[in-house]
Amino acid sequence: MESVDEHLVRRLTEWSAGTPLPAALEDGPAGPDERSLLAYLDAQLESRHLDLALRWLQARGEGFYTIGSSGHESNAAVALALRPTDPALLHYRSGGFYAARAGQVPGTTPIADVLHSAAASRHDPISGGRHKVFGHHGLAIVPQTSTISSHLPRAVGMAFALGRGRRPTGSPPTPWWCAASVTPRPTTPRRSAR
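The sequence shown begins at 112 in the numbering used here and counts up by one.
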């Protein structure tokens, strides 16, 4: 049986620039442009290859965190749909998101960041080697523990704080103004139901 990786390599090898698109794609609605699709594929491949590198490091005794993002690479699309300044709270399988977000911000080094983190290196930009966690100030990715669902209370708290930060009280602005995930508060009082 052919693995997912083998299937992908075989199909990409068979494809060439002159290969016509299937009719369903030719006649479909206008979708993302070629640059966006390549950014999406790059982020997915980067995430998958990082997973393989983490397992290789672990087998050599040089990597200490091997829970990867395989199977979750498509969350790169979420990063590409948001602004790179929108805050993000990621879980431990968000490699695709992290790679896509980093691809939107020049000068970032997502591969080195993840490898430093997995190797518990003091050069890890977010935890100094203390924990493998996705986080990066310049990418608006808030670091957090990788415990399942631990991002939910923080996300609710952030949404609450961002909503409060919009009130014209003279307080300093929050680092993330009007995030895509926070809906605005009504500006007019609601009428009570009678």
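Note that beta-carbon positions come from the ideal geometry of N, C-alpha and C, so glycine has one too.
Taking Cβ positions, are residue i and residue j nearer each other than 8 Å?
{"i": "S228", "j": "V244", "result": "yes"}
{"i": "L165", "j": "Q255", "result": "no"}
{"i": "I237", "j": "L161", "result": "no"}
{"i": "Y151", "j": "A188", "result": "yes"}
{"i": "P198", "j": "M269", "result": "yes"}
On the DSSP bridge assignment, give the partners of residue i in chain order.
{"i": "A199", "result": "I252"}
{"i": "H247", "result": "I252"}
To which residues of the same chain is residue i closer than 8 Å at the C-beta, ignoring the five residues directly before and after it?
{"i": "P195", "result": "R212, Q215, V216, L250, A251"}
{"i": "D116", "result": "R159"}
Spatial neighbours of residue i within its chain, please: CB distance less than 6 Å, with the 5 preceding and 5 following residues excluded, ordered by chain position.
{"i": "E157", "result": "A210"}
{"i": "V225", "result": "L161"}
{"i": "A190", "result": "F208, A211, R212"}
{"i": "T219", "result": "A213"}
{"i": "R302", "result": "For R302, the predicted structure reports a pLDDT of 46, less than 50, and the residue's modelled location is therefore unreliable. A value from the coordinates is still provided. Contacts found: none."}
{"i": "Y176", "result": "A229, K243"}
Between residue i and the rest of its own chain, which residues show a CB-CB distance below 7 Å, the 5 nearest in sequence each way excluded?
{"i": "S232", "result": "G240"}
Just to check my reading of the structure: residue i and residue j have Cβ atoms closer than 8 Å, yes? What is that Cβ distance to the nearest angstrom?
{"i": "A230", "j": "L163", "result": "Between L163 and A230 the Cβ distance is about 15 Å, and since that is not below 8 Å, they are no contact."}
Between residue i and chain D, is the shortest Cβ-Cβ distance under 8 Å, so that the two count as touching?
{"i": "V115", "result": "The chain labelled as chain D is not found in the depicted structure, where only one protein chain is given."}
Contact the stretch 207 to 219 vs the stretch 260 to 268: 3+ CB pairs below 8 Å: no
Validate contact between the stretch 175 to 191 and the stretch 117 to 127 using beta carbons, cut 8 Å, 3 pairs: no
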